[in-house]
């Protein structure tokens, strides 16, 4: 809410819109990503699994068991999700969302990375292919780590995203803050 208020002060008109659930986007993303990753890595996963980090193996191996039917259904649903996001851009120029439902975690904490991975709000736009930019919007009080938002644009809307991001960063009171690591 603070980011929306700050952007409103910079001249943005704020409007609430509704998109399909993050869970729905995540399911489609998982089916497509796992299938395509297995197609790319399948030979090496079978012949040289030791060359992969454990976290990578845990993400790639299930893709070897994805059914073609699941992949095709996910691609069909993906087209519907793209249409839903496109419909939102009939009402607004940009979308402002959280980047994740959690504060950042330390990259060397694999358990935290695994816990936060499914709660990333960047997933919908990975599914739809819309351009998006993630940027810091504060520091969490509990963890002392960055919080982030994302700006999403229509296809080929990168210039509008850059302009809004620049305005936001100029006005943001936390732009010079750094986490205490």
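In the working numbering, the protein residues as written are 7 to 187. Glycine residues also receive a C-beta, built at the ideal position from the N, C-alpha and C atoms. Small disclaimer: the values here were computed from a predicted structure and weren't measured.
Assigned with DSSP and collapsed to three states, residue 12 falls in helix.
A buried status is given to residue 31, since no fewer than 16 other beta-carbon atoms sit within 10 Å of its beta-carbon. Taking each of 97, 35 and 64 in turn and checking the Cα distance to residue 77, the smallest one comes out for 35. The stretch 109 to 123 makes no contact with the stretch 156 to 168, as fewer than three CB pairs between them are under 8 Å. Per DSSP, residue 67 lies in no alpha helix (DSSP H) and is assigned neither H nor E.
Assignment of residue 152 by DSSP, reduced to helix, strand and coil, places it in the strand class.
Apart from sequence neighbours up to five positions away, the residues of its chain that approach residue 10 with a beta-carbon distance below 7 Å are 20 and 102, ordered along the chain. In this structure residue 72 is in contact with residue 41, their Cβ atoms being roughly 5 Å apart against a cut-off of 8 Å.
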